[in-house]
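In what follows, a single structure is set out as structure tokens and then discussed.
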Amino acid sequence: MQKENNFSEWYNEVIRKADIIDDRYPIKGMPVYKPYGYKIVLGILRMLEGLLEEEEFEPIWFPILIPCEIFSKESKHIKGFEEEVFWVLEGDQKRLILRPTSETEMYYMYSLWIQSYQDLPIKYFMTNTVYRYETKATKPLIRGREILWNEAHTAHRTKEEAKKMIKKSIDIYLKLFWEICSIPHIWIIRPQWDKFAGADYTIAADTVLPDGRFLQIGTTHMLGQNFAKAFEIKFMDKHPYIKVDDCVYEAVSKDMNIKIRFKVQDSSIEYEIFDLEKSSIIRNGEYRLDNKDIFMVFDEIVVKELGKNFLENLDRYKYVWQTSFGVSMRFAAAVIAIHGDNKGLILPFSIAPIQIVIVPIYYENSQRDLVLEYSRKVYESLKTEYRVYLDDREDKTPGWKFNYWEFKGVPFRIEIGPRDIEKKRVVVAMRQRDSKAKKIVVELDNINSTIKQLVDDYDKYIKEEAKKYFEEKIIRVGSYKDLKRAISKLKVVKAPFCMEEGCARKLKEELHVEVRGTDLEPEEAEGRCVYCNKPAKYWVYIGKSY
RNA sequence: GGGGCCGUCGGCUAGUGGGAGGCUGCCGGGUUCGGGUCCCGGUGACCGGGGUUCGAAUCCCCGCGGCCCCA
């Protein structure tokens, strides 16, 4: 089983043999996730939930079914998804769908919940399953019809806040992807023709699998006010008048360089309009209050004196700004595919279902009890801090167990035999890429502190390996010839591009590659488009993809 | 959306019109145990439905499922 030569075969074999999935369940694209595999996926999702909760997101649950009228509300959204939803019949009527993503069902309720700016921001997440009717070939964890994932949905008062949330989502995912799981990846702004249906723009994290294909492991969407308008998610905003003193209020327009100041009296309001540049009063006046709300009178004065444009937010009944972002179990596929080797899985320490396995070794029955007792002691001393498993099966030889647990990607193995008991030590073996485990003799007395150190070493080791791998996967090319050669060598490329959709389509037809998009800070290109030879606009990422 | 290939014990596979066999796993026993011990015995399958035929795992049709290629 060669990972480099035939990745697809390797992947299929590993996920079955390592007890990740059993795909014999007879529905296309719906395999069973076995405990070992499910624990990996859950471990990742729990880490993510923890990170979200640190940022004051709250968990929430919505139903799995969406009435089709609600689903259809945002026109671009439904266009993007209508062909790939599962219908649920009510009687013989197609009225319900299995959610393919939760924007519509959530935002239907958001419109009921949000009334005031004080209700904002809303930051909810949901770990759930979504359903997409895939007709093409499916692949466990990578493309299925049932997707386990975590989606977060926020609503904000201003565009700026929403933008900040986009940035925050990237920070959160960066922690999960790189710091915790050591998956190298790049953040890419998707081209307009490839954004999420209903979004203003989409930013996605892409990694590259060993077969040279991009795999999207996380996405974050600026939804703008598209869903807000479709679902009427409006709120009464804070008035723009700032109280500067007793009975004195001010409003400022930086665009117009103008400030207006109100002084509230018993039955009237005096106002002064300043030119901020010249710091002089342009004009002033007085208005009768007539028992009206002072802020309504402020509005009247502003409109009359300065026009509706003075404060763009004078209409205080506004649509929210929204973002949504998600990470699916696809990410677990990246962890398996990128770290694994020809001996099976290699798992990041923090998400490994079993972090340390203890293998007792003995030659004759007289040693057996002693070794097992010693092994149990070591097990007890480690189990509060780590997920440890004592493999005391007697029908398997130590050599068999070594290979078995290495296949499953257990980071550390502790070998305990008669020699170790004598010397009050253990042998710790660390999972290594494509070679036998690295063995380290550890004194029993400082086993806990040594393992702590070894965890750091292990983490650093898989990060270095992954980084090396990833750096070789992305190649900068300037010509079509080089692009073609790179693709044939199972790489993805960064190339100058004209940014025309038609050009991207032709590239897809000819080389079956996709234009994935630009860097977050798009890198301007000076030369010619790698395909059509017209002047290039930006360097973009191009490659085959899942 | 279009095309191709495929489906045999739990897994891998041989058999292409007339005996369903091997390896592995699993169960029992013995032997081994610091890198997948070895031996003996047992267990276990033709994806579902229809058709052709004296006779079908094998040929034909439909369905379900898998893999690959093209748009």
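Note that the first sequence covers residues 93 to 638 in my numbering. Glycine included, C-beta positions come from ideal geometry on N, C-alpha and C. Since the structure is predicted, the reported quantities are computational estimates derived from the model, not experimental observations.
query                                                                                                                                                                                   : result
Would I428 pass as a contact of Y130 if the rule is Cβ separation under 9 angstroms?                                                                                                    : no
Specify, as a first and last residue, the run of the alpha helix (DSSP H) that L268 falls within.                                                                                       : That residue, L268, is in no alpha helix (DSSP H); it is neither H nor E in DSSP.
Should H604 go down as buried or exposed, given a rule of 16 or more other Cβ atoms within 10 Å for buried?                                                                             : exposed
In this structure, how does DSSP classify L599 when only helix, strand and coil are distinguished?                                                                                      : helix
Excluding five sequence neighbours on each side, which residues of the same chain lie with their C-beta closer than 6 angstroms to the C-beta of V502?                                  : I446 and V449
Can you list the beta strand (DSSP E) stretches of 3 or more residues lying completely in the region 133-164, in chain order?                                                           : 157-159
At a cut-off of 8 angstroms, is K552 close to the ligand ADP when judged by its beta-carbon and the heavy atoms of the ligand?                                                          : For the structure depicted, the ligand ADP is absent and the ligand set is empty, with no information on it obtainable.
Taking 8 angstroms as the threshold, find out whether the region 586-593 comes into contact with the region 531-538 through three or more Cβ pairs.                                     : no
Where do the N-terminal and C-terminal ends of the beta strand (DSSP E) with R282 fall, by residue?                                                                                     : Element bounds for R282: n/a, residue is neither H nor E.
In the DSSP assignment, the beta strand (DSSP E) including F366 goes from what residue to what residue?                                                                                 : S360 to D367
When burial is assigned at 16 or more other CB atoms within 10 Å of the CB, is E606 buried or exposed?                                                                                  : buried
Tell me whether the region 208-221 and the region 169-187 touch, counting them as touching only if at least three CB pairs, one residue from each stretch, are closer than 8 angstroms. : no
Give me, in chain order, the residues of the same chain whose beta-carbon lies closer than 7 angstroms to that of Y623; leave out the 5 immediate sequence neighbours on both sides.    : Y572, C595, K598 and L599
Using a Cβ-Cβ cut-off of 8 angstroms (strictly less than) and excluding sequence neighbours within five positions of Y216, which residues of its own chain qualify?                     : F149, E150, P151, I152, M198, A244, H245 and T246
Along the beta strand (DSSP E) that carries A617, what are the first and last residues, could you check?                                                                                : No beta strand (DSSP E) contains A617, which DSSP labels as neither H nor E.
Using the C-alpha atoms, what's the distance from T415 back to I258?                                                                                                                    : 7 angstroms
Just to confirm, is the Cβ distance from F154 to N220 under 9 angstroms?                                                                                                                : yes
Have a look at the DSSP bridge pairing and note the partners of I453.                                                                                                                   : Note: I453 sits in no beta bridge, so no partner.
Excluding the 5 residues flanking Y640 on each side, which residues of the same chain have their C-beta closer than 7 angstroms to its C-beta?                                          : Here the chain covers residues 93 to 638 and nothing more, so residue 640 does not appear.
List the endpoints of the continuous alpha helix (DSSP H) containing T312.                                                                                                              : Looking at the DSSP string, T312 is not in any alpha helix (DSSP H); the run it does join, the beta strand (DSSP E), is R305 to G316.
Can you give me the Cβ contacts of K493 inside the same chain, cut-off strictly under 7 angstroms, excluding the 5 residues immediately before and after it?                            : V451 and D483
Could you tell me the boundaries of the beta strand (DSSP E) in which N376 lies?                                                                                                        : S372 to R380
What is the DSSP secondary structure of M591, counted as helix, strand or coil?                                                                                                         : coil
Would E593 and W285 qualify as a contact pair, given that the criterion is a beta-carbon distance under 9 angstroms?                                                                    : yes
Can you tell which of K516, S359 and I365 has the C-alpha that lies nearest to the C-alpha of I386?                                                                                     : S359
From the DSSP output, which residues share a beta bridge with A320?                                                                                                                     : Partner(s): none; A320 has no beta bridge.
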